[in-house]
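In the working numbering, the protein residues as written are 875 to 1340. Where a beta carbon is used, it is the ideal one built from N, C-alpha and C, also for glycine.
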Ligand code: GBH
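Written as structure tokens, this is what we have:
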């Protein structure tokens, strides 16, 4: 083992999931419908028309899943709460059975030696709230605040690490502008910008909920997915070019959260008449101090300083290494530059990698429709029945080496959560894109750790990239 790839003592190693992607039991015990149940039920929205109704049936199998985590040596677990399981109508009416479920779930985590890291919002708004206008309305932020307060009050004795919202740009843009994610809307810019503002406001309100009800030792932060730019060559001019585009792309979210002073003038100018309605009080709430920033890192975009010194985003050529999800290019140095640029440009106290991982699809030529849930990794089994996902091990290894480099360069990173513990409902990609360390046979619900699970267990055990 190369000891130069050792991580700092106490580094947090974990795995991540989200409620709508693993729980199933969508209509059970008083849970309300979420926007993803509705979206997946509409024709042509998700791959093979499949939805989150059953998923990994984690709702009934969490004991087994936590036992498997413990066997692999996982000590930290990022999961999310289903808002519509706790508040089925997105209003003040509670579902007591939902609270009972999460009390049991958290008890089971602790019993298996897992430290919970809980996300309030991983894209599954109650459908009833969406029907009243959803994130387009300011009322939704009040409903979200009430939900977050109730969750912290109920679970805050045992949950000390909270993430507010997962990937605001993803559900704002994919959900409300491009129509590719729930609720499948294609709104004009003014509405999209207002949805964005309400999401930031929801973040601020969730931070406030944790501060008021979280009890001693409670910590909270956002999970963001910055579009990460990397210099095509690591020279000062290309690094500066990549940093310039990084700032332009991410400042409207990160500056109000970490640098104070509200939205940057450049953002408001760019929006013009479509700028979101916002008050100085909103911006104070949005900018209140948090304990950390979670970053989801999957890919990067190459930049160079052009002939006249102007930053240029470079298109990727045909054949550039990527996962079978077309968006997921293999650019491991995104881990280093994403952290480095965030640390240089914004006053972030501490970072966690809240997600990093890779998905693979079906074997070419496999019939589509339901057969596809068996997936590529199943096809990669060798004769002894192992799933030899060396592509995933290779991807993860290179990203972790890049993370190591960021820490060595002085970026304060407290931990890393691998996406995902097990194959699950991959949103619009249905069940074909598998991100798990653990293979799921979605017909039998059988769990089988892949070779990458064995590899990651060793990484965690040795606190080093291997
Ligand atoms: C994360 O999103 C999510 O937090 C997690 O739930 C998910 O399972 C995981 O990544 C793997 O995808 O329209 O072709 O550009 C990562 C960011 C934003 C990437 C939406 C995929 C849509 C594909 N995602 N994007 S495309």
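Query	Result
Less than 7 Å separating the Cβ of residue 1234 from some heavy atom of the ligand GBH?	no
Give the single residue among 886, 1031, 1208 whose Cα lies nearest to the Cα of residue 1090.	1031
Does residue 1007 pass the burial test, meaning 16 or more other C-beta atoms within 10 Å, or should it be called exposed?	exposed
Using 10 angstroms around the beta-carbon of residue 1327, count the other beta-carbons present and answer buried if the total reaches 16, otherwise exposed.	buried
Going by C-alpha to C-alpha distance, which of 1074, 1043, 1061, 1308 sits closest to residue 1014?	1074
Rank 1188, 1275, 1303, 1118 by C-alpha distance to the C-alpha of residue 1219 and give the top, closest one.	1118
Grab me the residues of residue 915's own chain with a C-beta within less than 7 Å of its C-beta, minus the 5 sequence neighbours each way, in chain order.	925
For residue 938, count neighbouring Cβ atoms within 10 angstroms of its own Cβ and tell me buried if that reaches 16, exposed if not.	exposed
For residue 1341, count neighbouring Cβ atoms within 10 angstroms of its own Cβ and tell me buried if that reaches 16, exposed if not.	There is no way to answer for residue 1341, as the model of the chain reaches only from 875 to 1340.
If we count the other Cβ atoms within 10 Å of its Cβ and call it buried at 16 or more, is residue 977 buried or exposed?	exposed
Locate the alpha helix (DSSP H) running through residue 1332, then write down its first and last residues.	1325-1336
Apart from the five residues on each side of it in sequence, which residues of its chain come closer than 8 Å, Cβ to Cβ, to residue 956?	893, 894, 897, 905, 908, 972, 998
Just to confirm the assignment: which complete alpha helix (DSSP H) runs, minimum length 4, are found wholly within the stretch 1284-1327?	none
By a C-beta neighbour count over all protein chains shown, 10 Å radius and 16 as the cutoff for buried, is residue 943 buried or exposed?	buried
State yes or no: is the C-beta of residue 1054 nearer than 7 Å to some heavy atom of the ligand GBH?	yes
Output the residue ranges of the beta strand (DSSP E) runs that lie fully inside the stretch 1167-1213 and measure 3 residues or longer, sorted by chain position.	1175-1179, 1185-1187
Just checking residue 957 against the ligand GBH - is the residue's beta carbon closer than 7 Å to any of the ligand's heavy atoms?	no
If you measure from the CB of residue 995, is any heavy atom of the ligand GBH nearer than 7 Å?	no
Under the three-state reduction of DSSP, which class applies to residue 997: helix, strand or coil?	coil
Comparing C-alpha positions only, which one of 1314, 1104, 1067 sits nearest to residue 1049?	1067
What residues in its chain sit with their C-beta under 7 Å from that of residue 1004, if we drop five residues either side in the sequence?	909, 1057
Give the list of continuous beta strand (DSSP E) stretches no shorter than 3 residues that lie fully inside the stretch 1127-1172.	1166-1170
Taking the alpha-carbon of residue 1316 as reference, which of 1302, 1298, 1323 has the nearest alpha-carbon?	1298
Look at the Cβ atom of residue 879, then the Cβ atom of residue 1283, and state whether they are nearer than 8 Å.	no
With a cut-off of 8 Å, do at least 3 Cβ pairs link the stretch 984-995 to the stretch 1026-1043?	yes
Between residue 991 and the ligand GBH, is the CB less than 7 Å from at least one heavy atom?	no
Can you look up residue 1097 in the DSSP assignment and give me helix, strand or coil?	strand
Just checking residue 1044 against the ligand GBH - is the residue's beta carbon closer than 7 Å to any of the ligand's heavy atoms?	yes
Which one of 1085, 933, 989, 1183 has the shortest CA to CA distance from residue 1159?	1085
Go ahead and pull the three-state DSSP assignment for residue 1340.	coil
Of the residues 1107, 1288, 1140, which one's Cα is nearest the Cα of residue 1211?	1107
Which runs of the alpha helix (DSSP H) fall wholly inside the stretch 938-981 and span at least 4 residues, in chain order?	957-960
Could you give the uninterrupted runs of the alpha helix (DSSP H) lying entirely in the stretch 1053-1124, keeping only those of 4 residues or more?	1063-1087
Compute the beta-carbon to beta-carbon distance between residue 1168 and residue 1098, rounded to the nearest angstrom, for a pair I have assumed lies under 8 Å.	7 Å
With hydrogens ignored, establish whether the beta-carbon of residue 953 is closer than 7 Å to any heavy atom of the ligand GBH.	no
Residue 879 by DSSP, collapsed to three states: which one?	helix
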